[in-house]
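Participant:
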Amino acid sequence: MGSVLALFLLSLTWVLASRDSILEREPRIFYLVLGTVFSNISCRLIISQMTSTRCEAFNLLLLPVAASLAASVYLDVDEALLLKVLAAAVTLAHIHYGVCVVQQMCSHFRIHCFSLKKKPPIE
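So the sequence shown is numbered by our numbering: it starts at 835 and just counts up by one.
(1) Go through its chain and collect everything with a Cβ distance to I856's Cβ below 8 angstroms, but skip five positions before and after it.
(2) Taking just the CA atoms, how far does L844 sit from V899?
(3) Is the distance from the Cβ of A891 to the Cβ of G836 below 9 angstroms?
(4) To the nearest angstrom, how far is the alpha carbon of A851 from that of C940?
(5) Here's the rule: buried if 16 or more other CB atoms are within 10 angstroms of the residue's CB, otherwise exposed. What is I929?
(6) Can you give me the Cβ contacts of V911 inside the same chain, cut-off strictly under 7 angstroms, excluding the 5 residues immediately before and after it?
(7) Mapping DSSP to helix, strand and coil, what is I945?
In structure tokens form, the structure reads like this:
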């Protein structure tokens with residue numbers, strides 16, 4: 835819950851403090867970043883529920899979002915370019931997380947990804 839609230843506050847602050855009206859200038863990329871970070875938070879929560887473990891209180895993908903917000907407000911940077919770089923970084927991080935989860939699940943169930951054949955038992 836804390837990460838979702840932090841994401842909401844960071845995005846709201848960025849929209850209101852933006853010098854270049856980033857939401858009007860690049861709405862699709864802005865929403866892509868927010869959606870990807872929210873998806874990462876949600877996926878981590880789902881995995882935590884499935885494995886009966888505690889979910890971390892703070893999602894680390896919020897750090898680059900906060901850094902981008904600070905850079906856009908306090909430094910003279912091209913916000914659109916900054917947002918595009920952030921979108922690429924957040925998307926790659928989320929894909930990496932998904933690949934790691936799939937690899938761990940395949941290892942646990944002793945299966946090959948996208949195959950129904952089991953791996954031979956380890957002796």
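Every residue, glycine too, gets a C-beta built ideally from N, C-alpha and C.
Facilitator: With the given structure in hand:
(1) Counting only Cβ-Cβ distances below 8 angstroms, and skipping sequence neighbours, we find W848, V849, F864, S906, E913, A914 and L917.
(2) Rounded to the nearest angstrom, the two C-alpha atoms are 7 angstroms apart.
(3) Their beta carbons are under 9 angstroms apart, which means A891 touches G836 by this criterion.
(4) Rounded to the nearest angstrom, the two C-alpha atoms are 45 angstroms apart.
(5) It is exposed - the Cβ of I929 has fewer than 16 other Cβ atoms within 10 Å.
(6) Cβ contact annotation for V911 (same chain, cutoff 7 angstroms, sequence separation greater than five): A905, in chain order.
(7) Collapsing the DSSP output to three states places I945 in a strand.
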